[in-house]
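Chains as they are written, first to last, in our numbering: chain A, -19 to 290; chain B, 2 to 411.
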């Protein structure tokens, strides 16, 4: 029972954080047609910007300013980088984002050093919210939950309920028609790219302090975000949402289970002392998202909610 | 310039270069200087540098100066071998490494091979922290010297302490998923089974090395298991993040660790670490020592304010090298290795002897816990390490037998 409750709580929070990251990526994919390899780098930038800003002022200011800054960096990248590269096709764009990811990592290393920085959660939220089964649950995680839900609702309202959202959705699928109707499509693309990066930045601001803010955080987060986007169905926000929660829960449930293969499949004659039998479910946790990715590509290539096949 | 004078000039410069290099003894420090374990490497690197400076100030080794150069191996065994080659090519004959038994294992093999193939250019490996017992048992090597107590010895100290504590009935083991984490878990299980068969091991968990960013699920599992104590060999970021999660989950379970002194571990757990977080080391800053030692601790803190005086064994390593080289009258690795065997040195926290059989340093160990009433704090807060009652373990008691059968050069 404890295991289920803990895994649900942690899984949902981690899942929502993943969604914050992958929603931007999936929006950008719908727009460009290629995966943005540098997306997780914007997550890292968010954490580092927040570290700097909260050091000189406060976390609450960083919470608003840092994502905006990251969004502006993203917009600049789109306007002066990607837009020019776009003329040379998808491969060039892909390579561009690939190079950009490395560039951002190296710049971060030069500016902030090669080891992690001490980015802490704000004192105001540094207390246990409640206690279940003897373990106290930090208030900051509840705060993360609310920020993520707030972002989710905000994004949904923006895309589905406003005129701007309507134009964005139209521009993603029918850019030429939207252009002919007199809308500035390049500006829309720049805005979408900027918003996508800002969301990743926001994830960095609230995730960087409960995880670790170091130059490797982009490389570590990158693959998981791709898994979310592919499993959810490329270009589908609803799919990304489901996939984020699925992966968050899957990983946290796996960590909570100490049973080994030998104990589970003992009836097949697998001994707990054998090589295979001694593997525990919890040690498989880091592998599970990628297993899901591979299986998804084999059996349902368009993902959970995707409209097109890869 | 005629050809003759050019040749002469070249000859002179060659002489000048060899003369200059004869004056420095190059040590290559191969450890992580970036990434999640960067702070562990950096703290040790700075300690080695200070130790080298102290020896050089006192006249050097037979008049020669020690130079320690850092090579970042990103805690990757493959990368370490590239760095090792780079170090050997640049003239280093002494290798310092400690962070990660996976790396140490690769270096031991590479050094063996190098020395077999390049007689006259032997290289010695001074291991200051990779504590997998095998390195001084079945896998022992003449070219390898370990200046830190190995996992079985440290675990012995911990299990002896737990033996006398009747309140502990359930123990949870958590460690890093590689050769060292496995060794720690095996030592804990074996020794507890022998000394306190009534203790139930309620969890035996290995997590990926340096990859877990949020230990909260693991801590919640530990709390749910109702363990009375946790034993862990975690170090570096894995130790600090484990404590961060323990702190925010309000866990009040005692932790018995090898490396609770890892940067940031005490400050992450905060007040909850008082009397609960324990570590086993070769000495702590707050125990009785000479004024000279206190001055050294203060100098280190002043020079490297991010870190704390923790790697006392780095001083032991270089000081013993200094002694051995002076005894041998040469800095030649084979002569130094032979002089190191059985060498005894008085150091700040007791006597250390390099056992000839297996090249494992024998030294007293100390169990300490966190207190708010100490001379020197750590992590730039007021909390620091204090010896627990009965926490002194003599070198004899800390010693462990060896199965080493060493092949020695002629």
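The beta-carbon is built from N, C-alpha and C at its ideal position, and this holds for glycine as well.
Excluding the 5 residues preceding and the 5 following residue i in the sequence, name in chain order all residues of the same chain whose CB lies nearer than 6 Å to its CB.
{"i": "residue 52(B)", "result": "315, 316 and 319"}
{"i": "residue 169(B)", "result": "163, 229 and 230"}
{"i": "residue 244(B)", "result": "266, 269 and 270"}
{"i": "residue 39(B)", "result": "33"}
{"i": "residue 110(A)", "result": "117"}
Which of helix, strand or coil does DSSP assign to residue i?
{"i": "residue 131(B)", "result": "coil"}
{"i": "residue 22(B)", "result": "Because residue 22(B) sits at a pLDDT of 45, beneath the cut-off of 50, its placement in the model cannot be relied upon, and the following sentence gives the value as read from the coordinates. Reduced to three states, the DSSP call for residue 22(B) is helix."}
{"i": "residue 351(B)", "result": "strand"}
{"i": "residue 86(B)", "result": "helix"}
{"i": "residue 59(A)", "result": "helix"}
{"i": "residue 47(B)", "result": "helix"}
{"i": "residue 28(A)", "result": "helix"}
{"i": "residue 30(B)", "result": "strand"}
{"i": "residue 375(B)", "result": "coil"}
{"i": "residue 345(B)", "result": "strand"}
{"i": "residue 170(B)", "result": "coil"}
{"i": "residue 236(B)", "result": "coil"}
{"i": "residue 256(B)", "result": "strand"}
{"i": "residue 64(A)", "result": "helix"}
Using a 10 Å radius around the Cβ and a threshold of 16 neighbouring Cβ atoms, would you call residue i buried or exposed?
{"i": "residue 201(B)", "result": "exposed"}
{"i": "residue 124(A)", "result": "buried"}
{"i": "residue 113(A)", "result": "exposed"}
{"i": "residue 280(A)", "result": "exposed"}
{"i": "residue 376(B)", "result": "exposed"}
{"i": "residue 157(A)", "result": "exposed"}
{"i": "residue 159(B)", "result": "buried"}
{"i": "residue 60(A)", "result": "exposed"}
{"i": "residue 154(A)", "result": "exposed"}
{"i": "residue 160(A)", "result": "exposed"}
{"i": "residue 5(A)", "result": "buried"}
{"i": "residue 193(A)", "result": "buried"}
{"i": "residue 278(A)", "result": "exposed"}
Kindly say whether residue i, judged by its beta-carbon, lies nearer than 8 Å to any beta-carbon of chain A.
{"i": "residue 183(B)", "result": "no"}
{"i": "residue 224(B)", "result": "yes"}
{"i": "residue 277(B)", "result": "no"}
{"i": "residue 50(B)", "result": "no"}
{"i": "residue 84(B)", "result": "no"}
{"i": "residue 177(B)", "result": "no"}
{"i": "residue 35(B)", "result": "yes"}
{"i": "residue 401(B)", "result": "no"}
{"i": "residue 16(B)", "result": "Summary for residue 16(B): the model assigns pLDDT 42, below 50, so the residue's position carries little reliability; its value from the coordinates is reported in the next sentence. Residue 16(B) does not count as touching chain A."}
Does residue i come within less than 8 Å of chain B when only Cβ atoms are used?
{"i": "residue 228(A)", "result": "no"}
{"i": "residue 118(A)", "result": "yes"}
{"i": "residue 103(A)", "result": "no"}
{"i": "residue -14(A)", "result": "yes"}
{"i": "residue 27(A)", "result": "no"}
{"i": "residue 203(A)", "result": "no"}
{"i": "residue -18(A)", "result": "yes"}
{"i": "residue 292(A)", "result": "With chain A covering only -19 through 290, there is no way to say anything about residue 292(A)."}
{"i": "residue 191(A)", "result": "yes"}
{"i": "residue 269(A)", "result": "no"}
{"i": "residue 79(A)", "result": "no"}
What are the boundary residues of the beta strand (DSSP E) that residue i is part of?
{"i": "residue 216(B)", "result": "From DSSP, residue 216(B) is part of no beta strand (DSSP E); its letter is neither H nor E."}
{"i": "residue 73(B)", "result": "66 to 73"}
{"i": "residue 371(B)", "result": "366 to 372"}
{"i": "residue 230(B)", "result": "230 to 233"}
{"i": "residue 116(A)", "result": "115 to 118"}
{"i": "residue 108(A)", "result": "108 to 112"}
{"i": "residue 205(B)", "result": "201 to 208"}
Residues in its own chain within less than 7 Å of residue i by CB, not counting five upstream and five downstream?
{"i": "residue 347(B)", "result": "none"}
{"i": "residue 410(B)", "result": "143 and 335"}
{"i": "residue 45(A)", "result": "33"}
{"i": "residue 342(B)", "result": "355 and 357"}
For the alpha helix (DSSP H) that contains residue i, what are its first and last residues?
{"i": "residue 163(A)", "result": "Residue 163(A) -> no alpha helix (DSSP H), and no H or E assigned at all."}
{"i": "residue 189(A)", "result": "Neither: residue 189(A) is in no alpha helix (DSSP H) and is coded neither H nor E."}
{"i": "residue 62(B)", "result": "That residue, residue 62(B), is in no alpha helix (DSSP H); it is neither H nor E in DSSP."}
{"i": "residue 138(B)", "result": "Where residue 138(B) is concerned, there is no enclosing alpha helix (DSSP H), given that its DSSP letter is neither H nor E."}
{"i": "residue 106(B)", "result": "102 to 118"}
{"i": "residue 94(B)", "result": "Note, residue 94(B): premise wrong, no alpha helix (DSSP H); not H, not E."}
Give every residue of the same chain whose Cβ lies closer than 8 Å to the Cβ of residue i, excluding the five residues on either side of it in the sequence, and list them in chain order.
{"i": "residue 285(A)", "result": "212, 213, 216, 218, 219 and 222"}
{"i": "residue 191(A)", "result": "197"}
{"i": "residue -7(A)", "result": "121, 124, 125, 128 and 228"}
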